[in-house]
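One structure is given below, encoded as structure tokens.
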Amino acid sequence: MRLTGGEPLLYHELDVLIHELKKLDLPEITLTTNGFLLAKQASKLKNAGLDSINISLDAIDELTFQK
Numbered sequence: 001m002r003l004t005g006g007e008p009l010l011y012h013e014l015d016v017l018i019h020e021l022k023k024l025d026l027p028e029i030t031l032t033t034n035g036f037l038l039a040k041q042a043s044k045l046k047n048a049g050l051d052s053i054n055i056s057l058d059a060i061d062e063l064t065f066q067k
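FYI, the numbering for the sequence shown is 1 to 67, going by full-length UniProt numbering.
Put into structure tokens, the structure is as follows:
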């Protein structure tokens, strides 16, 4: 299962959600994020059972992306 859309790290009980999803015996739980809030939450997400993280590096134009 992939958790994405908007910014999932803004959901205050994301670790609880991941913990509950792990009970469903899904093959993998992945999170897509812009990464801004990741440092504050990484440990509790790992402890909740998150399997992997994708960091999205979106930009409004190519020059901004290259920076």
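Glycine residues also receive a C-beta, built at the ideal position from the N, C-alpha and C atoms.
Item	Value
Beta-carbon proximity of residue 37 to residue 29, cut-off 8 Å	no
Sequence ranges, alpha helix (DSSP H) only - wholly within the segment 2 to 61, length at least 4	14 to 22 and 38 to 48
Status (buried if at least 16 other CB within 10 Å, exposed otherwise) for residue 33	buried
CB contact flag (residue 35, residue 55, <8 Å)	yes
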